[in-house]
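>
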Amino acid sequence: MFAERGKDGEQSLDEEEQILYSLFRYFSKCLIKIDKRCVSTMNPSTDLKQLQDHHIRLSQLMSPLYLLIPLVFWAFFNYQGVGVTVKPVLLGAAGWIIALALRGPVSLLAARMPAEKGRLLLVSSSGPLEELVRLVTLLIAGLTIGSAASIGIGWAAIEIVYTLVSLFAVASLSKRTDEKAMQAKAMLEAQGTYGAHPAWGLIERVFVSAYHIGAALCIARYPWSVAVLIPLHSLLNLAVLAVAKRSLAQAEAVAAFVGTTVLAIGWQLYL
2 MFAERGKDGE
12 QSLDEEEQIL
22 YSLFRYFSKC
32 LIKIDKRCVS
42 TMNPSTDLKQ
52 LQDHHIRLSQ
62 LMSPLYLLIP
72 LVFWAFFNYQ
82 GVGVTVKPVL
92 LGAAGWIIAL
102 ALRGPVSLLA
112 ARMPAEKGRL
122 LLVSSSGPLE
132 ELVRLVTLLI
142 AGLTIGSAAS
152 IGIGWAAIEI
162 VYTLVSLFAV
172 ASLSKRTDEK
182 AMQAKAMLEA
192 QGTYGAHPAW
202 GLIERVFVSA
212 YHIGAALCIA
222 RYPWSVAVLI
232 PLHSLLNLAV
242 LAVAKRSLAQ
252 AEAVAAFVGT
262 TVLAIGWQLY
272 L
């Protein structure tokens with residue numbers, strides 16, 4: 002089916018991508034307008050902390066929208082004739098949980114190191130741990146486009162659930178003034194993510210999900226590509242973390258470029 006699409010199929014795909022991109026841009030602009038209206042009702046002397054708290058509350062209200070992201074990808078692949086099924090989706094979610102659990106020993110080792118070196122080790126470990134576990138899940142489910150899309154969607158979905166849990170944890174953190182809470186808030190502020198506009202979180206999840214699905218497609222087609230994806234994954238996380246300290250917009254641009262590119266390459270491998 003995919004080999005027979007030809008120019009008409011490619012043109013149709015380009016049109017669909019343009020439509021999705023236009024809808025996403027419109028959605029992002031709407032979010033920003035809503036936020037500006039909310040902020041305009043606040044006292045002009047509102048300080049940074051109040052603005053951060055406002056964004057955190059807005060993030061909670063928008064949290065159901067996060068769950069639409071994997072559903073949109075699921076619908077897209079089904080529309081394209083790729084069978085996304087529940088069992089591989091659950092396997093993808095389980096793979097992410099296993100990769101997270103494997104980071105436990107790395108976290109213990111990182112805790113014994115200087116803060117900056119420990120953070121570098123922890124972020125760098127994401128590449129080998131996630132991509133190798135992704136390879137194993139694909140070998141179990143089968144190296145097909147359907148299994149790859151399903152595992153990628155499951156992987157992205159459970160990470161979104163984890164993000165939502167973290168979002169509500171940050172909301173709880175914002176109400177606390179004890180020493181540990183203040184230290185945690187200071188760390189998040191140093192990363193440039195504490196109290197950020199909620200639209201950034203949605204944008205990030207879209208392109209990170211695109212990366213996970215694209216990586217699964219690449220590995221299913223060419224298992225040796227895991228050797229390329231391991232350093233790419235780690236470098237992506239390191240780059241986003243470093244750039245986010247200066248500008249969230251630039252950090253999301255990096256994630257958008259890499260995520261979209263990996264998904265496009267993975268998809269093209271089956272055309």
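Counting in the working numbering, the sequence shown runs from 2 upward without gaps.
All residues carry an ideal CB built from backbone N, CA and C; glycine is no exception.
How do the stretch 248-259 and the stretch 149-168 stand: do at least 3 beta-carbon pairs fall below 8 angstroms, yes or no?
no
> Identify, in the order they occur along the chain, each residue of the same chain with its Cβ nearer than 6 angstroms to the Cβ of V134, setting aside the five sequence neighbours on each side.
For the purposes of this step, residue 134 is taken as the residue at position 133 of the sequence shown. Excluding residues within five positions, the ones whose Cβ falls inside 6 angstroms are G96, I99, A100.
> The alpha helix (DSSP H) with P232 in it runs from where to where?
Residue 232 sits at position 231 when you count from the first residue of the sequence shown. That run of the alpha helix (DSSP H) goes 227-245.
> For A228 and I204, I'd like the C-alpha separation in whole angstroms.
The residue given as residue 228 occupies position 227 in the sequence shown. The residue given as residue 204 occupies position 203 in the sequence shown. Approximately 27 angstroms between the Cα atoms of the pair.
> Quick check: the Cα distance between P232 and E131, rounded to an integer number of angstroms?
As a working note, residue 232 is residue 231 in the sequence shown. As a working note, residue 131 is residue 130 in the sequence shown. Going by the C-alpha atoms only, they are around 11 angstroms apart.
> Is F208 near A256, with beta carbons less than 8 angstroms apart?
On the sequence shown, residue 208 is found 207 positions in, with the first residue counted as 1. On the sequence shown, residue 256 is found 255 positions in, with the first residue counted as 1. Yes, the Cβ-Cβ distance between F208 and A256 is below 8 angstroms.
> For a test of the three-state rule: what should DSSP assign to S127, helix, strand or coil?
Position 126 of the sequence shown holds residue 127. Helix, per DSSP.
> With burial defined as no fewer than 16 other Cβ atoms inside 10 Å of the residue's Cβ, what is the status of I141: buried or exposed?
Counting from one through the sequence shown, the residue named residue 141 turns up at place 140. Answer is exposed; the Cβ neighbour count stays below 16.
> Beta carbon of F78, beta carbon of A150: below 8 angstroms?
For the purposes of this step, residue 78 is identified with residue 77 of the sequence shown, where counting begins at 1. For the purposes of this step, residue 150 is identified with residue 149 of the sequence shown, where counting begins at 1. Cβ distance < 8 angstroms, so F78 and A150 count as in contact.
> Between which two residues does the alpha helix (DSSP H) containing T262 stretch?
Along the sequence shown, read from residue 1 onward, the residue named residue 262 stands at position 261. From DSSP, the alpha helix (DSSP H) with T262 extends over 249-269.
> Under three-state DSSP, which class holds L272?
For the purposes of this step, residue 272 is taken as the residue at position 271 of the sequence shown. Residue state, collapsed to three classes: coil.
> List the whole-angstrom C-beta distance separating G155 from A94, where the pair is believed to meet the contact cut-off of C-beta under 8 angstroms.
Numbered from its first residue, the sequence shown carries residue 155 at position 154. Numbered from its first residue, the sequence shown carries residue 94 at position 93. Indeed, because the Cβ distance is near 4 angstroms, the residues count as touching under 8 angstroms.
> Taking Cβ positions, are C219 and I266 nearer each other than 8 angstroms?
On the sequence shown, residue 219 is found 218 positions in, with the first residue counted as 1. On the sequence shown, residue 266 is found 265 positions in, with the first residue counted as 1. Against a cut-off of 8 angstroms, the Cβ pair of I266 and C219 comes out as a contact.
> Looking at the secondary structure, which residues open and close the alpha helix (DSSP H) in which Y80 lies?
Along the sequence shown, read from residue 1 onward, the residue named residue 80 stands at position 79. First-last of the alpha helix (DSSP H) with Y80: 69-80.
> Is DSSP giving R113 helix, strand or coil here?
On the sequence shown, residue 113 is found 112 positions in, with the first residue counted as 1. If DSSP states are grouped into helix, strand and coil, R113 belongs with coil.
> With a Cβ-Cβ cutoff of 8 angstroms, do S127 and H234 count as a contact?
Against the sequence shown, residue 127 aligns to sequence position 126. Against the sequence shown, residue 234 aligns to sequence position 233. Result yes, Cβ atoms of S127 and H234 sit closer than 8 angstroms.
> One question on the structure: do A111 and L103 come within less than 8 angstroms of each other, judged by their Cβ atoms?
Mapped onto the sequence shown, residue 111 falls at position 110. Mapped onto the sequence shown, residue 103 falls at position 102. Cβ atoms of A111 and L103: not closer than 8 angstroms.
> Quick check on this structure: which residue in A221, W201, F74 has the alpha carbon closest to the alpha carbon of S148?
Along the sequence shown, one-based indexing puts residue 148 at 147. Out of A221, W201, F74, A221 has the C-alpha closest to the C-alpha of S148.
> Could you tell me how far apart the beta carbons of V263 and G215 are, in whole angstroms, since I believe they sit closer than 8 angstroms?
Taking the sequence shown and counting its residues from 1, the one referred to as residue 263 is at position 262. Taking the sequence shown and counting its residues from 1, the one referred to as residue 215 is at position 214. 4 angstroms between Cβ atoms; contact.
> Just mark T138 as buried or exposed, buried being the case when its beta carbon has 16 or more other beta carbons within 10 Å.
The residue given as residue 138 occupies position 137 in the sequence shown. The residue in question, T138, is buried, as its Cβ has 16 or more Cβ neighbours within 10 Å.
> Check whether the Cβ atoms of V87 and N238 sit closer than 8 angstroms, and answer yes or no.
Numbered from 1 along the sequence shown, position 86 holds the residue referred to as residue 87. Numbered from 1 along the sequence shown, position 237 holds the residue referred to as residue 238. Going by C-beta atoms, V87 is not nearer than 8 angstroms to N238.
> Report the CB separation of P71 from S226 in whole angstroms; it is logged as a contact under 8 angstroms.
Locating residue 71 in the sequence shown gives position 70, counting from the first residue. Locating residue 226 in the sequence shown gives position 225, counting from the first residue. Between S226 and P71 the Cβ distance is about 23 angstroms, and since that is not below 8 angstroms, they are no contact.
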